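> The opening position of the sequence shown corresponds to residue 5 in the working numbering, with each subsequent residue numbered one higher.
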Amino acid sequence: MTQQIAPEAIIYQGQFGEFTITPGDRTGVIIYRTGLCVAALSFAIGSAIVLFAPNYLYLVTPLFACFCLGLGVSLLTIHIYLAALHKVLQIFWTIGTTSAVFFTAYSHSSLPASVYNQPFALLGVGFVFAALTGIYFKEAFCFNRLETKLLTPLVPTLLLGHILNVLPLQWEKVMLGSWAILFIIFGLRKAVQAIPPDIGDKSVFTHLQNSHS
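1) Can you give me the C-alpha to C-alpha distance between F141 and Y60, rounded to a whole angstrom?
2) At which residues does the beta strand (DSSP E) containing G204 begin and terminate?
3) Between the alpha carbons of K177 and A88, how many angstroms are there, rounded?
4) Give the single residue among L164, V132, F124, G181 whose Cα lies nearest to the Cα of I95.
5) For the alpha helix (DSSP H) containing Q94, name the first residue and the last one.
6) For T156, report the span of its beta strand (DSSP E) as first-last.
7) In the DSSP assignment, find the unbroken beta strand (DSSP E) run with T24 in it and report its ends.
8) For I34, name the three-state secondary structure that DSSP assigns.
9) Exposed or buried, which one is H112 when buried takes at least 16 other CB atoms within 10 Å?
10) Say whether the segment 22 to 32 touches the segment 42 to 50, bearing in mind that this needs 3 or more beta-carbon pairs closer than 8 Å, one atom from each stretch.
So this is what it looks like as structure tokens:
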């Protein structure tokens, strides 16, 4: 029986030295993208229910839970050079999901109804979307993606507009639908993107880690 020899790992030249991409690195990227796709699909289905099938609003809460879970997984596995920013996004996610659990447990109405009828609830739950916007910004900055360039200002504009009650209902619906569509496009494009760019320059991570040790 002949033994197959694994191909030699590609050596990349980074800013602070050479590095290779391991199977673990690739697995991390796949998990990051899977989390994003789960979040995008859950958000899109939930938005479609809110816009076109309000009789099924009771499904939005479990869909929001799936959205939060997918986003949380992505925030654990995303590659961001600034460790402080990475930690802030994770803290935002924690605050937002904790607030959502609180409103779900103690409100007399469903989560979407509570958020819609009490806009200031978004000051808590909205931290989840602030974390998501951080991912949009990172992807727009690193990969120059049109959909994330549009999503980065769209999300806070919609949320702040709803909190301040300055957006007409029809505008909110259009913006929510646009958010869902662009998020799906983002998830699909990430699914087929080459893996190494999502890993980034590992020599930078090593340098930053060594400089703080």
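Glycine residues also receive a C-beta, built at the ideal position from the N, C-alpha and C atoms. As the structure is a prediction and not an experimental result, all values here were calculated from the model.
Reading from the atomic positions:
1) Mapped onto the sequence shown, residue 141 falls at position 137. Mapped onto the sequence shown, residue 60 falls at position 56. Spanning the alpha carbons of F141 and Y60 requires a straight line of approximately 32 Å.
2) Counting from one through the sequence shown, the residue named residue 204 turns up at place 200. From DSSP, G204 is part of no beta strand (DSSP E); its letter is neither H nor E.
3) Here residue 177 refers to the residue found at position 173 when the sequence shown is read from its first residue. Here residue 88 refers to the residue found at position 84 when the sequence shown is read from its first residue. Going from the Cα of K177 to the Cα of A88 covers about 35 Å.
4) Stepping through the sequence shown from its first residue, residue 95 is reached at position 91. Closest option to I95, Cα to Cα, is V132.
5) Taking the first residue of the sequence shown as position 1, residue 94 is located at position 90. Membership of Q94 in the alpha helix (DSSP H) is indicated by the continuous run 87 to 110.
6) Within the sequence shown, residue 156 is the residue found at index 152, counting from 1. Run containing T156: none in the beta strand (DSSP E); it sits in the alpha helix (DSSP H), 150 to 167.
7) Numbered from its first residue, the sequence shown carries residue 24 at position 20. Counting along the chain, the beta strand (DSSP E) containing T24 begins and ends at 21 to 24.
8) Walking along the sequence shown from the start, residue 34 turns up at place 30. Helix.
9) Numbered from 1 along the sequence shown, position 108 holds the residue referred to as residue 112. H112 should be labelled exposed.
10) no
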